[in-house]
Amino acid sequence: MRGREGLGLCWLILATQLWLSSAKQRGVDEERMTQILDTLLDKVNYDNRVRPFYNGKPVVVKVGYWILSVDSIDVVNMDFTVDLFLRQEWVDPRLDHGLNETIYLGHRVMQKIWTPDSYFLNAKTAKMHHVTTPNQMTLIAPMGVVKYNTRVTVKAACTIDLRSFPMDQQNCPLVLESYGYDRSHIVYHWEGNATDGLPFVPNRMRIMPQYSLVRLTLSREWHQYIIGNFSAVVAVFSIERSYTYFLTHVYGTSCVIVFISWMGFVIPPDQTAARIAVGVTTLLTQVTVINILNSSMPKVSYVKSIDKFLISCLIFVFLSLIEYCVILILDGKRTRRHQQHTDTANTHETIEPTKEADQPWPNNEACQIGKQEERKFLHCTDKLLLRKRFREWTFSDSFLAGIDQTALLVFPLTFVLFHILYWMGFLE
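Residues -23 to -1, 1 to 405 in mature numbering (1 follows the signal peptide of the UniProt record, and there is no 0) are what the sequence shown lists, from first letter to last.
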């Protein structure tokens, strides 16, 4: 029993000695790290106002993103918002600590070392996050390699073209360059000289409620100003709109409105109130759909693709109302014509017959002239008879009913043809 107690006491003493040794070693490392940082950041030896290699080559700043979200694309204000981690890496030989490890530092050290004055050229507003502490991280790797990481939310300007709306794809750039150093002082590169930025975006962030990120193209540019040429890196977000919502709520609704307007073709023409109600209601409903859609869109000078569809549907609805107006006009003329025939039949005039004996007997010349006049009279009579029959057919019940039957066939076929041409335009 005593042997076990002695063995346990030995293990306790050994563990205590190891802990004290580790603490002593840790204390030495912390003290050494403090000395290294004090030496590196001593204002006598290090001036954070001067860039590395000031009298030599430009500082190469490698840039990388990690996209947290692409929140919204505002088609009215022509901008988009992106939340990201911004990574920058450069070499500062003055910060070579001589260790084979990377020193992890917080945000406070950023005030003591030189950092590139990078800014987003097309940013409308931007902010850095400070909850619960400034979201910044600094690493100093061997050979003076400085790695700086911060979280930024940027609302950037984007020229949006809505000609193909809602099957459109927008290309929104995010441009980063130095504010005060031209390309003789700072040159920007993408990490690994990459041209495809999709690895910067998590898969779950590539699909948004209304959009999908299909490409992220990386490139370098030179921007010329009065004071010099500046290096810049550009990330172009190719964002494709998800048009399923518009298919169901706009295209589908407009098609249903057009279908309802055709219900007037099967309503008897004498049901004036019903047919007028269908035509006017569908017309006003289609106008409302157009106004609701355009109320959330910018006032552009060109015609959007969805406008072509909605206006075409409005024309179909309007033509269905015009078709009934034509029927009403023809029916009104038929009624007046029937009334005139009735009045004529009720009015009889007595004409005294001419006695044949009192008429002179025609000679041969008169007979020849009479035959010519008779032929002219018969020809005119045939024309008048054809016109009379055409008018009688035009004002008949069968003709008026045939207008509705023809419209019930022509309108759907024309609407289908319009759909084929419209959607083929998108495929092209």
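Built from N, CA and C at the ideal position, the CB exists for glycine as well. The model shown is predicted, which means the values in this text are computed figures rather than measured ones.
key: Where the alpha helix (DSSP H) containing G229 begins and where it ends   = By 1-based counting over the sequence shown, the position of residue 229 is 252. From DSSP, the alpha helix (DSSP H) with G229 extends over G229 to S238.
inquiry  = As a quick exercise: from P70, N77, T136 and K20, pick the residue whose alpha carbon is nearest that of Q88.
reply    = Taking the first residue of the sequence shown as position 1, residue 88 is located at position 111. If we check each option's Cα against that of Q88, K20 comes out closest.
request  = Compute the beta-carbon to beta-carbon distance between I380 and E300, rounded to the nearest angstrom, for a pair I have assumed lies under 8 angstroms.
outcome  = Taking the first residue of the sequence shown as position 1, residue 380 is located at position 403. Taking the first residue of the sequence shown as position 1, residue 300 is located at position 323. Indeed they touch by this definition, with Cβ atoms about 7 angstroms apart.
message = Classify S196: buried if its beta carbon has 16 or more other beta carbons within 10 angstroms, exposed otherwise.
response = On the sequence shown, residue 196 is found 219 positions in, with the first residue counted as 1. With fewer than 16 other Cβ atoms within 10 Å, it is exposed.
request  = Please determine if the segment 210 to 219 and the segment 144 to 151 are in contact, where contact requires at least 3 C-beta pairs separated by less than 8 angstroms.
outcome  = Three or more pairs of CB atoms, one per stretch, sit closer than 8 angstroms, so the segment 210 to 219 contacts the segment 144 to 151.
query = Are at least three pairs of beta-carbons, each pair with one atom in the segment 122 to 141 and one in the segment 54 to 65, less than 8 angstroms apart?
reply = yes
request  = Go ahead and pull the three-state DSSP assignment for R218.
outcome  = The residue labelled residue 218 in the question sits at position 241 within the sequence shown. R218: strand per DSSP, three-state reduction.
inquiry  = I need the straight-line Cα distance from D94 to P176, nearest angstrom please.
reply    = Working through the sequence shown from its first residue, we reach residue 94 at position 117. Working through the sequence shown from its first residue, we reach residue 176 at position 199. Computed Cα separation, rounded: 26 angstroms.
key: Q382 burial status per 10 Å Cβ neighbour count (16 or more: buried)   = Residue mapping note: residue 382 aligns to position 405 of the sequence shown, counting from 1. It is exposed - the Cβ of Q382 has fewer than 16 other Cβ atoms within 10 Å.
Three-way DSSP call (helix, strand, coil) for G256 in this model = In the sequence shown, residue 256 corresponds to position 279, counting from 1. Reduced to three states, the DSSP call for G256 is helix.
query = Between W167 and K39, is the Cβ-Cβ spacing less than 9 angstroms?
reply = Against the sequence shown, residue 167 aligns to sequence position 190. Against the sequence shown, residue 39 aligns to sequence position 62. It is a contact, given that the beta carbons lie within the stated cut-off.
ask   = Quick one: Cα of P275 to Cα of R140, how far?
value = In the sequence shown, the residue the question calls residue 275 occupies position 298. In the sequence shown, the residue the question calls residue 140 occupies position 163. Approximately 12 angstroms between the Cα atoms of the pair.
Heavy atom of the ligand COA within 8 angstroms of E8 beta-carbon = Of ligands this structure carries none, so the ligand COA is not represented either.
Assumed close pair V47, M185 - CB separation to whole angstroms, cut-off 8 angstroms = Here residue 47 refers to the residue found at position 70 of the sequence shown. Here residue 185 refers to the residue found at position 208 of the sequence shown. So it is a contact: roughly 6 angstroms between Cβ atoms.
query = With distances taken from CA atoms, which of L193, V178 and V235 is nearest I172?
reply = Translated into positions along the sequence shown, residue 172 becomes position 195. A small correction: the amino acid at residue 172 is Thr; Ile does not occupy that position in the sequence shown. Selected option, being the one with the closest Cα: L193.
ask   = With respect to the beta strand (DSSP E) encompassing G41, which residues constitute its N-terminal and C-terminal limits?
value = As a working note, residue 41 is residue 64 in the sequence shown. Element bounds for G41: V36 to D51.
task = State the beta-bridge partners of residue 435 as determined by DSSP.
result = Because the chain spans -23 through 405 in this model, residue 435 falls outside it and cannot be assessed.
query = With a Cβ-Cβ cutoff of 9 angstroms, do G121 and L72 count as a contact?
reply = Counted from its first residue, the sequence shown places residue 121 at position 144. Counted from its first residue, the sequence shown places residue 72 at position 95. Contact: yes.
inquiry  = Check whether the segment 64 to 82 and the segment 18 to 38 are in contact - that is, three or more C-beta pairs closer than 8 angstroms.
reply    = Flag = yes, the segment 64 to 82 and the segment 18 to 38 touch.
task = Please go through the same chain and pick out, in chain order, the residues whose beta-carbon is closer than 8 angstroms to the beta-carbon of L270, but skip the five residues on each side of it.
result = Locating residue 270 in the sequence shown gives position 293, counting from the first residue. Taking C-beta separations shorter than 8 angstroms and ignoring five residues to either side along the sequence, the partners of L270 in its chain run V227, I283 and L287, following chain order.
Extent of the continuous beta strand (DSSP E) to which F142 belongs = As a position in the sequence shown, residue 142 is number 165, starting the count at 1. From DSSP, F142 is part of no beta strand (DSSP E); its letter is neither H nor E.
key: Closest residue to P246 among L307, V257 and T102 (Cα-Cα distance)   = Mapped onto the sequence shown, residue 246 falls at position 269. Comparing Cα positions, the closest option is L307.
query = Is the distance from the Cβ of residue 407 to the Cβ of T130 below 9 angstroms?
reply = In the structure as shown, the chain begins at -23 and stops at 405. Residue 407 is therefore absent and cannot be evaluated.
ask   = For the beta strand (DSSP E) that I163 lies in, which residues bound it at each end?
value = Against the sequence shown, residue 163 aligns to sequence position 186. Taken as a continuous stretch (DSSP letters only), the beta strand (DSSP E) holding I163 covers I163 to W167.
ask   = Considering only the beta carbon of each residue, do V303 and Q263 sit closer than 9 angstroms?
value = One-based indexing of the sequence shown puts residue 303 at position 326. One-based indexing of the sequence shown puts residue 263 at position 286. Contact: no.
key: Three-state secondary structure assigned by DSSP to A250   = Taking the first residue of the sequence shown as position 1, residue 250 is located at position 273. A250 falls in the helix class under three-state DSSP.
Where the beta strand (DSSP E) through M105 begins and ends = Translated into the one-based positions of the sequence shown, residue 105 becomes position 128. Looking at the DSSP string, the run of the beta strand (DSSP E) that includes M105 is A100 to M105.
task = Determine the closest residue to M10 out of N180, I50 and L82, with distance taken between C-alpha atoms.
result = As a position in the sequence shown, residue 10 is number 33, starting the count at 1. Comparing Cα positions, the closest option is L82.
ask   = Residues bridged to V266 by DSSP?
value = Translated into positions along the sequence shown, residue 266 becomes position 289. Partner(s): none; V266 has no beta bridge.
query = DSSP state of L398, grouped into three classes?
reply = As a first step, residue 398 must be located in the sequence shown, where it is residue number 421. The answer is helix: DSSP assigns L398 an H, G or I state.
key: Same chain, Cβ closer than 6 angstroms to T327, neighbours up to 5 away in sequence not counted   = In the sequence shown, the residue the question calls residue 327 occupies position 350. Residue confidence is low: T327 scores 45 on pLDDT, short of 50, so the model does not pin down where it sits. Its coordinate-derived value is still stated next. Excluding sequence neighbours, T327 sits near nothing in its chain.
request  = Measure the alpha-carbon distance for K1 versus L18 and round it to whole angstroms.
outcome  = In the sequence shown, residue 1 corresponds to position 24, counting from 1. In the sequence shown, residue 18 corresponds to position 41, counting from 1. Confidence is the limiting factor: at K1 the pLDDT is only 46, short of 50, which leaves the residue's position unreliable and the question unanswerable from this model.
ask   = Among residues of its own chain, excluding the 5 on either side of I80, which ones have a beta-carbon nearer than 6 angstroms to its beta-carbon?
value = Position 103 of the sequence shown, counting from 1, holds the residue named residue 80. Excluding sequence neighbours, I80 sits near I117.
message = Is the separation between the beta-carbon of T115 and that of Y125 shorter than 9 angstroms?
response = Residue mapping note: residue 115 aligns to position 138 of the sequence shown, counting from 1. Residue mapping note: residue 125 aligns to position 148 of the sequence shown, counting from 1. Their beta carbons are under 9 angstroms apart, which means T115 touches Y125 by this criterion.
task = Determine the extent of the beta strand (DSSP E) in which D19 is found, giving its start and end residues.
result = Numbered from 1 along the sequence shown, position 42 holds the residue referred to as residue 19. Neither: D19 is in no beta strand (DSSP E) and is coded neither H nor E.
ask   = Just checking my contact of G229 with G241 at CB under 8 angstroms: how many whole Å lie between their CB atoms?
value = To locate residue 229, count along the sequence shown from 1; it is residue 252. To locate residue 241, count along the sequence shown from 1; it is residue 264. Their Cβ separation, rounded to whole angstroms, is 21 angstroms, which puts G229 and G241 out of contact at 8 angstroms.
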